[in-house]
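Peer 1:
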Amino acid sequence: MPAERAGYTVTMFVIDTSPSMANIRSVEMQNSAGETTAVEMSNLQWSLQYVKLKIQEMIFNGRKTDQCGVIVFGAEDTKNIIHAEHGGYDNVLEYIPIGQPNASTIAKIDALEPSTVAGDSMDALIVAIETQARYLASKKTWTRKITIVTDGESPIEVEDWEATVTKMDALNITLVIVGVDFDDEYMPYTEPNKSHIKRANEEFYKILTSSMHSGDIGNIAYAIRETAAPEVKVVKSALLGTVLRIGDVETRADEAIELSVKASKATAMARPKSWKKFALRESNREDEMQVEQDKDKAVFAQLKMKTEYFIDRNAGADDDEDDEIKVEEEELLDEGNPEVKKSLEKIEKEELVRGFKYGTTYAPCPDGQFPRLQTRKGIDICGFFPEKNFRRELSMGDIQYIWADPSSPQQQVALSSIVQAMADTKRMAIARWVSRDGMDPKMGVLTPVVQDNVHFLLWSQMPFADDVRKYTFASLDTLINKKGQVLKEHPYLPTEEQLEAMDKFVDAMDLVDAGDKDEEGNRTPWFDPSLSFNPAIHRVKQAMFHAAVVKDVVSNPLPPPHPETLKYFDPPKRVLKRARAAVEECKAVFKVKEGKPCPIVLPKKVARAKVNGHEHANDEDDDLLLLDRKQPVERTPSQMSVVEEAAPASSKGKAPANAEDSATESESEEELLLEKKVPSTPAPKQGRGAPLPTPARSVSPMIDAGRAPGRIIGNTYPLKDFQKNLAQGDVVSKAVEDLSAVIAEVVMKPFSSRRTDEMLQCMTTLRKTCLEEDEIDAWNAFIRDLKSKCLSRPGNPGFWQHVKKVGRDLGLISKQEAKKQGGDSDVSENEAGEFIS
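Take the sequence shown: its letters are residues 1 to 837, numbered as in the UniProt record's numbering.
1. Kindly provide the ranges of any beta strand (DSSP E) runs that are 3 or more residues long and lie completely inside the UniProt domain "Ku" (344-479), ordered along the chain.
2. Helix, strand or coil for I71, going by three-state DSSP, please let me know.
3. So is E772 buried or exposed if we call it buried at 16+ other beta carbons inside 10 Å?
4. For I776, which residues from the same chain have a beta carbon less than 8 Å from its beta carbon, with the 5 sequence-adjacent residues on both sides left out?
5. Assuming contact is defined by CB atoms lying nearer than 9 Å, are M122 and V165 in contact in what I supplied?
6. Within 8 Å, do at least three Cβ pairs link the stretch 710-724 to the stretch 753-763?
7. Using a Cβ distance threshold of 8 Å, determine whether the stretch 127-141 contacts the stretch 10-20, with at least three qualifying pairs required.
8. For a test of the three-state rule: what should DSSP assign to V583, helix, strand or coil?
9. Would V434 pass as a contact of G378 if the rule is Cβ separation under 9 Å?
10. Tell whether a beta-carbon distance below 9 Å holds between L239 and W403.
11. Compare the Cα-Cα distances from L458 to each of V468, M428, D477, F473 and report the closest residue.
12. Drop a sphere of 10 angstroms on the beta-carbon of N80, count the other beta-carbons inside from all chains shown, and report buried for 16 or more, exposed for fewer.
13. I399 to Q369, Cα distance in whole Å?
14. What are the residues that DSSP puts in a beta bridge with I257?
15. Could you check what DSSP says for Q302 in three-state terms: helix, strand or coil?
16. Is it buried or exposed for R523, if we count other Cβ within 10 angstroms and need 16 for buried?
17. Can you check which of these residues, T190, N780, V232, is closest to S828 by C-alpha distance?
18. With a threshold of 7 Å on Cβ separation, who are the neighbours of A423 within its own chain once the five nearest residues in sequence on each side are excluded?
19. From the DSSP output, in three-state form, read off M12 for me.
20. Nearest by alpha-carbon distance to D809: which of M763, Q821, L791 is it?
21. Looking at the secondary structure, which residues open and close the beta strand (DSSP E) in which Y95 lies?
22. Smallest Cα separation from N102: which of E348, G87, K64?
23. Between I15 and V117, is the Cβ-Cβ spacing less than 9 Å?
24. Could you spell out where the beta strand (DSSP E) holding L280 opens and where it closes?
25. With a Cβ-Cβ cutoff of 9 Å, do L48 and I109 count as a contact?
26. In the DSSP output, what is A38 paired with across the bridge?
27. Tell me whether the beta-carbon of P364 lies closer than 9 Å to the beta-carbon of R372.
28. Sort out for me which residues DSSP pairs Y568 with in a bridge.
29. Would you check if there are 3 or more beta carbon pairs closer than 8 Å linking the stretch 298-308 to the stretch 272-283?
30. Relative to the C-alpha of R25, which residue among S837, T17, S32, L44 is closest?
31. Quick check on DSSP: helix, strand or coil for Y50?
32. Can you give me the start and stop residues for the beta strand (DSSP E) that G218 sits inside?
33. Can you check which of these residues, S753, P750, K768, is closest to Q723 by C-alpha distance?
34. For I712 versus V732, is the C-beta distance shorter than 9 Å?
35. Can you tell me whether R144 is helix, strand or coil according to DSSP?
36. Quick check on this structure: which residue in Q420, D466, R436, G247 has the alpha carbon closest to the alpha carbon of D452?
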């Protein structure tokens, strides 16, 4: 049997629509919160969920070589290739021809309904085999699969079934029979009161699948559950030809080596599926007629990205020494602040000059791109170095295979010699890779791999020296006082007792023997990288599949994540139990007490005057300076997000780095610059002892580090900010909204137990304000959302216990309570009592 390739597969779905498939059943469904609900549906609707999930997987992968077809037995009509030529095979319908599935395929399957006549599954199986064989007549290497979905309640003709098995084995067909209420030892499940026909059919299906080289039978409930299991998308990378060179093949051809090699991907980064934004389509003259005909249906259209450029002229009016102003891209203006909009001037893209960041300045590039290096395609080995000197943490990108040319034995022997020599001497190579002529080069390393049947190299791209960030900090075990003496005892230095306790704690957390026992009774490692999956990727995929296969998400909610994606969320109980004694010893030795933070003292950063010339770009964690002006102007968050300019007086002619650059610096090194013609004047020199224009950002009074942009309540002193804004009298709704968001954020953060009393006091004040200021709906929505977040995973159930201790004073505002204050509420007294209890 040939090896199965990614894609290059034709799957035939054989679906039973006999009258028995119309029987209604109650299916238990779990939502994402783990709550179980019963949903009534027919056997056919339940079975089609499995078929649609399998087809949705093909659509999601997007391979043109992953195709399927649908055969229906028990149909009212008869239409298949065997009936058209020889007759017979009644009530078997070729419902969907073989092809690449799309959204219409799901829609057609949704349209299937139970019929009034029974069908023979063996007739449908033979039709599926013949239809698939004719389609793949010229594609011998493709994988063939057939899946039968039935309840087994219709009579079947089992004569000459051995010939059918022989035919499927000859064509290397994989047969899977998925049955409604079939006995399954994996669940486990055994159907009570099974009919005689179903029992006989189920026994026959087991004999049929066991007689094949590749056959299986299972229960529909188990099959649907397994479709949600995460699996790695297998992709066959295409071989790309290139050249491997050692030495200078142009000037010293006799001393150089040039080999023909092929490159293919070994790994590729996977990300969660992106979402597209939709909005209600605005009606126009062309579709007014259509809207009038169907007023109940809302027409949605996909939103398209639109980028506009604005500059804040007022922000740069006080600084005459800026000759370049940075322009930010904005998709939406702040309509709620007319003053901000008036100060912005729209700039056409044609008036802008593309610039690339160089240190703390921007180098304008009028042509949009600097001249490229004169490079030629190939991989040039620059040198070799010992593999022990390789820093593995710098290799963070994808890995690629470097193979010898499969069609040239001479090239294979030459590359094998190089690989063996590198492996024997334990060397790695520094290489320069150019994908095609004129492209930018990439620097990386080549690692030799010697296997039994093949020798090859692994390529890993490495960062340039300027791209490596170095973060240094003081020694942890050496402390020197102001006199230069090395201290032996100090509260910051660990004692021998503390070191020993920490060693025990680290040893107790060892996961090497924390897994299950193998066949020989030995403990296995707890974590297996091959069985760990990215929860974000597979949860988004599960949500997309669920929305595509169910008609009503409200009645049929999204099920909880598959256990495989949550496998490594919680540490093993065996390790927790083993580490309990070591944890208690650490608490006693280090004198750890809840609510008291560790005394960590960070050295103050000394600001220094900036000299003229280029400098290294600041790291993301570096403190950037707010530049002084003659009359400092406080800028609103919306102004800072649209346009932010700052230029040091000592760096004339530079477009400065601003406080917002640190967030976007790593995403894009190119910006758009607007040139501003200003007469050049010499900048005053800063002396060594001269003070800086303004203090650092960390001590600037204009910025509240604990306040998110657009909010009037900060995370640092929320109650104080709330009471201050209430005194103004016209921002009650905004203050209530922001304080609700701040409380939820603080409660969900780690170590939030330190601020439990403060948050309870904020909630008490917030509830009282909402009751008096007719913001009852806002409070009820907030407390419901907070309860949901606290009781979810990971959540904060401990904080909610404190809320329950307070009682009704922090619960929902009922109708009777609101009526006393002249307000209104849709919550009854009983509902309010049950909520908090």
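Where a beta carbon is used, it is the ideal one built from N, C-alpha and C, also for glycine.
Peer 2: In short:
1. 344-347, 353-358, 361-365, 378-386, 399-404, 427-434, 442-450, 455-461
2. strand
3. exposed
4. C770, I813, A818, G823, D824, S825
5. no
6. yes
7. yes
8. helix
9. yes
10. yes
11. M428
12. buried
13. 29 Å
14. I246
15. strand
16. exposed
17. N780
18. P448, V450
19. strand
20. M763
21. 92-99
22. K64
23. no
24. 278-280
25. yes
26. E28
27. no
28. DSSP output for Y568 lists no bridge partner at all.
29. yes
30. L44
31. helix
32. 215-219
33. K768
34. no
35. strand
36. Q420
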